[in-house]
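Peer 1: Below you will find the structure I want to go over with you.
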Amino acid sequence: MKRIYRNHKQNPGASSAPPSRLLLLALALLPFLSVPLIGTQLYFRHDDSAVILWAKEFTSPFYHAVSPDPAVNGFDKYPGMGPYWRPFVYLYVKGLWNFFGLTAGPYYVVGGLLFMIAVYFLFRLAEQRWGLATAVWSCLALMAAFYGSMYNLYHLTIQVSFFYQITLLYFFWAYLQNQRWPHLLGMLVFLAPAMSRQTTPVLMVAILVAVLLEQRKQVLAFLRNNWLALVLLLPSFYLISLSPQTSEGSVLAEGANVAAIIAFLRERFFYYGGLLTSGITGALLLPLIGGGVLHHLAMLAKTKFHFDKAQWLWPPLTFILAFGLMALQPFAIYWFVFCCIYLFIIDDQLRLPIAWAGASLICFLSAKYYHNGYLLEAGFALALAMGVLIMRLSQPLVLMWQRFAVRPRVKIPALAGGAALLAAPFALVLAGKTPALAEPFEVVKIAFDSNQNFKELMNYLRYEIPSNAALYEFTEEELGTTRFDRRHISLRERARRVKIMNAEDKLVMLRALDRSDLQIHPAAAWQAADQTQEAYFLACNNFEKEMAQQQFNLIVVKEFQRATDSAAIYRLVREATATASPAAPSPGGEQPTELNASKPAL
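Residue numbers (our numbering): -5 to 596.
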């Protein structure tokens, strides 16, 4: 098949940026200011507690953290840290601990700024490869399509690991283009830190293959010029081997059981494929990726068969196919995969981002645990593809404008109609009239409110709850919100039900708060508990509060309320106690309120 699109190397640009470029760069990065701004109000989340406690208790010289020996670095003493060799991420948290201690907001502000730097390097890659306009659209597409996954950035290790990874990938790609020593130096600086994301060397290989295919007529010259970059791939795979969870937490743990491996991959294929082809992500991805294929076929029909009307038929057909298939899952997933493979084969301009996205998708399809944040890694690459396609597919609109809107009496209504057409979807989303598109915004709001409530709850436990009190809460198994259960519920329900920290993480966080005297027990253990010990029940969201009020005799000690969610600390009472004596005052000096006094204990 004849290739219509060819690889045209873009001018890297002048050393001094014109004012217009700075304005466009500001436009591209401005939406991402929301990441550090939201972080100012947040508290630590699950997986953060272990890193914070390690930073608090780690007193050895810093180079001990770089050692792969668990007896030296101390990672295996803390839940979730031992299976991973991420010293540069943990040392980053240690550095912040020395300044901010247990104040969570500054951690996320610094991490958010580092994430914005990662987006800047994505901008630089797109600008040097495809041009300034494509770079701007790529950044805006990343925010628009993957806004619903941005809340997954708010882990102390995620933001900085993306900073390490995207920066390394930029330097790696740039060195393959021009073999300049500053890019090589950048690779050397970020190589080891970027291995905190185990997918990094795989993405480097994908980028290498894409660039090699672009220069396939000069393979020997390419290898001769870039042999040093190829050599650096070897230590990257060695560094990954220092994290045993790379194999134990993946499909490799299934062994030689072919049926189990197929079932493992199939389930994750439909899970992540569904996320990419539904909601606002699918509404942006499918028309652009599918439009790229139909646009290519239309150009073929025009050049091969002289069917000129094809250039006007493919835009409406693109939207009909995209939104029709979104309602016919899993056909939208199949269409998306086909379009990506097709564009990788025939389109030199899109080969790099599709290779990057495909490698990332394959990596997290093989990961054991389900995590929406994995999509952000592929999202960087898909945003590049969307930027290229936005520039390409907008050309017919420009031609229509030049053909029909040449007179003022036509131009003004056309401008008004176009503005209304663009504004209508956003108005519907903000008004809540399109639940599928508005869901990511609502999800982030619920998650934001529940995190603030959890922050106040933990501070109350730190300062107000008496020593050696017994704490009870529903386990994730009782709530049906384990890592494997979450994939079956919607994003909105996940934000409403999933805990900010489970019991294990809370206990680690209480150690960091110097409240190791407190213990957390499953709710089911209350029936056989010591009746003389003071007991409290923790409800971290509205869902848990409703369940607790149905199953226990409760006295409200403290409630934490936000617009979309609430949390509470209750005193657990036996039936006889609830009916025979008035409620005692709460530790904080507030008058408690009795709930469900007539209900029997669980």
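Backbone N, C-alpha and C fix where the C-beta goes; we use that ideal spot for every residue, glycine too.
Are the CB atoms of Gly105 and Val154 within a distance shorter than 8 angstroms?
Peer 2: Yes; because the gap between Cβ atoms is below 8 angstroms, this pair is in contact.
Peer 1: To the nearest angstrom, how far is the alpha carbon of Tyr158 from that of Leu485?
Peer 2: Distance between the alpha carbons of Tyr158 and Leu485 is about 28 angstroms.
Peer 1: Within 10 angstroms of the Cβ of Trp308, are there 16 or more other Cβ atoms? Answer buried if so, exposed if not.
Peer 2: Buried is the call here.
Peer 1: Is it buried or exposed, Ser575, if we count other Cβ atoms within 10 angstroms and call 16 or more buried?
Peer 2: Because the pLDDT at Ser575 is just 42, under 50, the model does not fix this residue reliably, and the point stays unresolved.
Peer 1: Got a sec? Which residues, its chain only, sit under 7 angstroms from Arg456 by beta carbon, not counting five neighbours each side?
Peer 2: Excluding residues within five positions, the ones whose Cβ falls inside 7 angstroms are Leu507 and Arg509.
Peer 1: Can you name the residues that DSSP bridges to Arg565?
Peer 2: Arg565 is bridged to Tyr530 and Ile549.
Peer 1: Report, in whole angstroms, the separation of the C-beta atoms of Met380 and Phe38, which I expect to be a contact under 8 angstroms.
Peer 2: Not really, about 33 angstroms apart at Cβ, beyond 8 angstroms.
Peer 1: For the stretch 135 to 143 against the stretch 173 to 180, do three or more pairs of beta-carbon atoms, one drawn from each stretch, fall closer than 8 angstroms, so that the two count as touching?
Peer 2: Touching, no.
Peer 1: Touch check for the stretch 368 to 385 and the stretch 480 to 494: three-plus C-beta pairs under 8 angstroms?
Peer 2: No contact exists between the stretch 368 to 385 and the stretch 480 to 494.
Peer 1: Once DSSP output is grouped into helix, strand and coil, what is the label at Tyr465?
Peer 2: Residue identity check: residue 465 is Leu in the sequence provided, not Tyr. Reduced to three states, the DSSP call for Leu465 is strand.
Peer 1: Using the Cβ count rule (16 or more neighbours within 10 Å means buried), how would you classify Gly276?
Peer 2: With 16 or more Cβ atoms within 10 Å of its Cβ, Gly276 is classed as buried.
Peer 1: Just how far apart, CA to CA, sit Leu355 and Ala127?
Peer 2: Near 27 angstroms, if we compare the C-alpha coordinates of Ala127 and Leu355.
Peer 1: Identify which residue in Ile283, Trp167, Lys211 and Ala215 has its Cα closest to the Cα of Leu344.
Peer 2: Nearest of Ile283, Trp167, Lys211 and Ala215 to Leu344, Cα basis: Ile283.
Peer 1: Between Val60 and Trp306, what straight-line distance do the alpha-carbon atoms span, to the nearest angstrom?
Peer 2: Near 59 angstroms, if we compare the C-alpha coordinates of Trp306 and Val60.
Peer 1: Name the DSSP bridge partner or partners of His515?
Peer 2: In the DSSP output, where bridge partners are listed per residue, His515 has Tyr466.
Peer 1: Distance, Cα to Cα, Ser14 vs Ala20?
Peer 2: Going from the Cα of Ser14 to the Cα of Ala20 covers about 10 angstroms.
Peer 1: Less than 8 angstroms between C-beta atoms, sequence neighbours within five positions excluded: which residues of the same chain meet that for Tyr72?
Peer 2: Once the five neighbours on either side are set aside, the close Cβ partners of Tyr72 are Ala44, Val45, Leu47, Trp48 and Val502.
Peer 1: With three or more beta-carbon pairs closer than 8 angstroms as the criterion, would you say the stretch 255 to 269 touches the stretch 117 to 127?
Peer 2: Contact between the stretch 255 to 269 and the stretch 117 to 127 is absent, because fewer than three Cβ pairs lie under 8 angstroms.
Peer 1: Would you be able to state if there are at least three C-beta pairs under 8 angstroms between the stretch 531 to 550 and the stretch 77 to 84?
Peer 2: Taking 8 angstroms as the limit for Cβ pairs, the verdict is that the stretch 531 to 550 does not touch the stretch 77 to 84.
Peer 1: Give a single yes or no on whether Leu19 has its beta carbon closer than 7 angstroms to a heavy atom of the ligand NAD.
Peer 2: The ligand NAD is not among the ligands present in this structure, which contains no ligands whatsoever.
Peer 1: If you reduce the DSSP assignment to three classes, tell me which class Ala186 lands in.
Peer 2: Of the three classes helix, strand and coil, the one that applies to Ala186 here is helix, per DSSP.
Peer 1: Under the assumption that Ala497 contacts Cys534 (Cβ atoms under 8 angstroms), give the Cβ distance between them as a whole number of angstroms.
Peer 2: 11 angstroms between Cβ atoms; not a contact.
Peer 1: Taking just the CA atoms, how far does Ser28 sit from Trp91?
Peer 2: Going by the C-alpha atoms only, they are around 23 angstroms apart.
Peer 1: Report yes or no: do the stretch 467 to 481 and the stretch 550 to 566 share at least 3 C-beta pairs separated by less than 8 angstroms?
Peer 2: No, because fewer than three Cβ pairs between the stretch 467 to 481 and the stretch 550 to 566 fall closer than 8 angstroms, the two stretches do not touch.
Peer 1: May I ask you to verify whether the stretch 157 to 174 touches the stretch 92 to 112, counting CB pairs closer than 8 angstroms and requiring at least 3?
Peer 2: Yes, since at least three Cβ pairs between the stretch 157 to 174 and the stretch 92 to 112 fall closer than 8 angstroms, the two stretches touch.
Peer 1: Give me the DSSP bridge partner(s) of Ser560.
Peer 2: Ser560 is bridged to Gln555.
Peer 1: Please say whether Leu170 and Val199 have beta carbons closer to each other than 8 angstroms?
Peer 2: Cβ atoms of Val199 and Leu170: not closer than 8 angstroms.
Peer 1: In three-state terms, what does DSSP make of Ser14?
Peer 2: If DSSP states are grouped into helix, strand and coil, Ser14 belongs with the helices.
Peer 1: What's the C-alpha gap between Gln323 and Gly268?
Peer 2: Those two C-alpha atoms are separated by around 8 angstroms.
Peer 1: In the DSSP assignment, find the unbroken alpha helix (DSSP H) run with His290 in it and report its ends.
Peer 2: Run containing His290: Gly273 to Phe299, per the alpha helix (DSSP H) assignment.
Peer 1: Terminal residues of the continuous alpha helix (DSSP H) containing Lys88?
Peer 2: Start and end: Pro81 to Phe94.
Peer 1: Restricting to runs no shorter than 4 residues, where is the alpha helix (DSSP H) found entirely within the stretch 199 to 264?
Peer 2: Those alpha helix (DSSP H) runs which fall completely within the stretch 199 to 264 and span 4+ residues are 213 to 219, 221 to 235 and 239 to 242.
Peer 1: How close, in whole Å, do the beta carbons of Thr476 and Arg491 come, if the pair is a contact with beta carbons under 8 angstroms?
Peer 2: Not really, about 11 angstroms apart at Cβ, beyond 8 angstroms.
Peer 1: Using the rule of at least 16 other Cβ atoms within 10 Å of the residue's Cβ for burial, across every protein chain shown, is Lys493 buried or exposed?
Peer 2: Buried is the call here.
Peer 1: Does Ala361 come out as helix, strand or coil in the three-state DSSP assignment?
Peer 2: Strand at Ala361.
Peer 1: Sort Arg505, Ser132, Ala138 and Val551 by Cα distance to Glu458 and report the nearest one.
Peer 2: If we check each option's Cα against that of Glu458, Val551 comes out closest.
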